[in-house]
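Enquirer:
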Amino acid sequence: MEVKRGNIFGVFAILLWASLGLFSIMTTNIPAFQLTAMSFFVASFIGLSLLKKQDISFNKLFKIPIKGWIIGICGLFGYHFFYFLAMKNAPAVEANLLNYLWPLLIVVFSAFLPNERLKWYHILGACLGLIGAFFLVSKDGSFNFDMQYMWGYIFALIAAFTWSLYSVISRTLSHIPTYAVTGFCIATALFSATCHFIFETTVIPNMSELFGALMLGLGPVGGAFYLWDYGVKNADIKLLGSISYFTPLLSTLLLVMLGFGEFTFAVIMACIFIISGSFISSIAYFKLIKNFIFNRK
């Protein structure tokens, strides 16, 4: 029952993350630290509401092991900081797709967990994913890199590595309850606000930007965390990694449909290689996906 519920929660988190690129674009003029602080401020209120609903004392957050705090804050703060930087320093579609190498990396990194090992299809899938990344950072597949976006591409790759490592390591922290994410969100909001006041100039958001920041906090940078934490701790993590391969496709389609990007040759090839590589990486888990979809035992 817990595994099935974890799978469902994980899928809902994945669907929420498909809107991350869209709402990030709506907040382009807000500095990275300020946006991170605003989003996590909203996410913190979600967690506090869950604590109250479950009748859990706020003081229990202080009993979370220090290891949990370090991993949680580095994962949430680190990932979103680099993701927002990527979206501000590179074209939206390309940065978004590079960031979504994390499903592939989850499958690869999870092979190093206890009783797991890296197999040929993990390696082949990773190679295809890298080819897809090459198409994004090059000019339609040539070696003539567009250097003006290089830092944006680098930030997107760092974000992908950060989130995949956080997700896999969280699997080893199943003894830490999901409500701990509330503490991680509060700490991340405070760290981000501090960094903002030190390094950035405050930007007063307009209504559109305020709406985007609010939606980030309610969905992909808020509610999705609690769903994902429960999922990676209770579900089949490789199954979630496999299903999450649809996230970059859904996210890119959403951006293109709303006029924030276009299907160039490079983007199409990147989609083909990244998603193909992701599927090949999880070739041993197709049966699990089939059973999940058709509810077979």
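Using the numbering used here, the first residue of the sequence shown is number 424, and each one after it goes up by one. C-beta atoms are modelled at their ideal positions from N, C-alpha and C, and glycine is treated no differently.
(1) Say whether the segment 601-610 touches the segment 526-540, bearing in mind that this needs 3 or more beta-carbon pairs closer than 8 Å, one atom from each stretch.
(2) Using the Cβ count rule (16 or more neighbours within 10 Å means buried), how would you classify L681?
(3) Looking at C-alpha atoms only, which residue of V465, Y502, M510, F463 is the closest neighbour of T450?
(4) Sorted by chain position, which residues of the same chain lie with C-beta nearer than 6 Å to A549's C-beta, five sequence neighbours on each side aside?
(5) Rounded to the nearest angstrom, how far is the Cβ of G654 from that of N430, given a contact under 8 Å?
(6) Going by Cα to Cα distance, which pick from I697, L445, G700 is closest to F507?
(7) The alpha helix (DSSP H) with G501 in it runs from where to where?
(8) Would you tell me roughly how many angstroms separate the C-alpha atoms of I706 and G575, rounded to the nearest one?
(9) Quick one, are the C-beta atoms of S699 and P526 less than 7 Å apart?
(10) Hey, how far is the Cα of G398 from the Cα of S480?
(11) Which term fits D478, buried or exposed, when burial requires 16 or more other beta carbons within 10 angstroms of its beta carbon?
(12) In this structure, how does DSSP classify Y572 when only helix, strand and coil are distinguished?
(13) Taking Cβ positions, are A731 and L676 nearer each other than 7 Å?
(14) Compute the distance between the beta-carbons of F456 and C618, then report whether it is under 7 Å.
Expert: Let me spell this out:
(1) no
(2) exposed
(3) M510
(4) V531
(5) 7 Å
(6) L445
(7) 489-512
(8) 31 Å
(9) no
(10) Nothing can be reported for residue 398, as the shown portion of the chain is limited to 424 through 720.
(11) exposed
(12) helix
(13) Residue 731 lies beyond the residue range present for the chain, which begins at 424 and ends at 720; the question has no answer from this structure.
(14) yes
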